[in-house]
Amino acid sequence: MSRDEALISEVIPIEEALKKYLREINAPGADTLREQLEQGISKSFGTIKENKYFALATFLDPKFKFAVFDEEGRNEIKTDVLSECQRINQKNSEDRTESNDETPIVIGDEINLESDEEASLVEDVISGNHHLIYGNA
1 MSRDEALISE VIPIEEALKK YLREINAPGA DTLREQLEQG ISKSFGTIKE
51 NKYFALATFL DPKFKFAVFD EEGRNEIKTD VLSECQRINQ KNSEDRTESN
101 DETPIVIGDE INLESDEEAS LVEDVISGNH HLIYGNA
């Protein structure tokens with residue numbers, strides 16, 4: 001089934017698949033075409049794998065989490081996810097302090113979440129022990 005659009009999580013895997021396919025072409029006289037296509041892909045995608053949002057979307061998509069990034073890349077993204085959770089929870093804590101709401105539970109030294117269940121879910125998703133289930137996947 002072909003589509004006109006791609007999910008943000010599919011862009012990096014598509015780029016990787018195109019590059020892999022081009023490396024495997026061994027037809028006589030195909031060198032020039034292969035080089036031109038590789039240059040076009042590089043020009044179109046650039047350093048997309050280093051883009052925080054594309055990398056995060058790909059990492060969080062269970063279909064691609066372990067297929068695209070090596071261990072170092074996964075660890076960098078995990079750090080980014082935890083940092084973003086900390087930033088959001090810090091802001092929520094500040095908002096709660098101003099409005100005298102309950103103080104959130106502190107999970108380790110890294111992340112504040114409303115409940116142990118939420119903290120466990122975040123840690124499971126980041127570590128790959130939990131797969132998000134959503135429609136049409």
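For the sequence shown, counting from 1, position 73 maps to 73 in our numbering; every step adds exactly one.
Positions of the beta carbon are idealized from the N, C-alpha and C atoms, including for glycine.
- The shortest C-alpha to C-alpha distance from L7 to any of A17, T58, F69 is the one to T58.
- 8 Å or more divides the Cβ of P13 from the Cβ of A55.
- In the DSSP assignment, D31 falls within the unbroken alpha helix (DSSP H) covering 31-45.
- In this structure, DSSP gives D80 a helical state, which the three-state scheme calls helix.
- With respect to the C-alpha of K78, the residue from T97, Y53, L18, P28 having the closest C-alpha is Y53.
- In this structure, R34 keeps its C-beta atom at 8 Å or more from the C-beta atom of I41.
- In the structure shown, K52 adopts helical secondary structure according to DSSP, grouped into three states.
- Short of 6 Å from the beta carbon of L37, and not among the five residues preceding or following it, lie these beta carbons of its own chain, in chain order: L22.
- In terms of Cα proximity to K19, the closest of E76, S44, L82, R3 is S44.
- When the beta-carbon positions are compared, S9 and D61 come within less than 8 Å of each other.
- Bounds of the alpha helix (DSSP H) holding L18 are 8-24.
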